[in-house]
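Engineer: Handing you this structure, nothing more for now.
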Amino acid sequence: MMSISGDTFNSIYVQAIDGDSNEAIGTWRRAQGSVPIDACSAVLHSSYEDSTDSIELKWVSPVDGNGKVVFG
């Protein structure tokens, strides 16, 4: 699980990248206000009606994965 907090925001886009190959890896679980984008191993969270200062996102690593993951 990943927690993101700070100043208030309405939307955020996060992608999981293999630190060695720079390939998109893993999948994201749907959470309130978020939409997984499987084609690029990313998740978009948006809430245009209400700003928030924190969210929790759930990322699932590949079954055979190991090594460094960069979230950006």
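If you're matching positions, the sequence shown starts at 263 in our numbering and goes up one per residue. In this text, a Cβ means the ideal position worked out from N, Cα and C, and glycines have one as well. None of the values given here were measured: they were computed from a predicted structure.
Is A304 helix, strand or coil when you go by DSSP?
Structural biologist: DSSP places A304 in strand when its eight states are reduced to three.
Engineer: Could you check how far apart the C-beta atoms of I287 and A293 are, in whole angstroms? I think they sit under 8 Å.
Structural biologist: The Cβ separation is near 19 Å, so there is no contact.
Engineer: With 16 other CB atoms within 10 Å as the buried threshold, where does V322 fall?
Structural biologist: Per the 10 Å Cβ criterion, exposed.
Engineer: Runs of 3 residues minimum, wholly inside the stretch 267-298: which ones carry the beta strand (DSSP E) assignment?
Structural biologist: You should have 273-280, 289-291.
Engineer: Sorted by chain position, which residues of the same chain lie with C-beta nearer than 8 Å to E285's C-beta, five sequence neighbours on each side aside?
Structural biologist: Cβ within range, chain order: I279.
Engineer: Smallest Cα separation from N328: which of V305, S283, M263, G334?
Structural biologist: Among V305, S283, M263, G334, the Cα nearest to that of N328 is on S283.
Engineer: Mapping DSSP to helix, strand and coil, what is S316?
Structural biologist: Correct three-state label for S316: strand.
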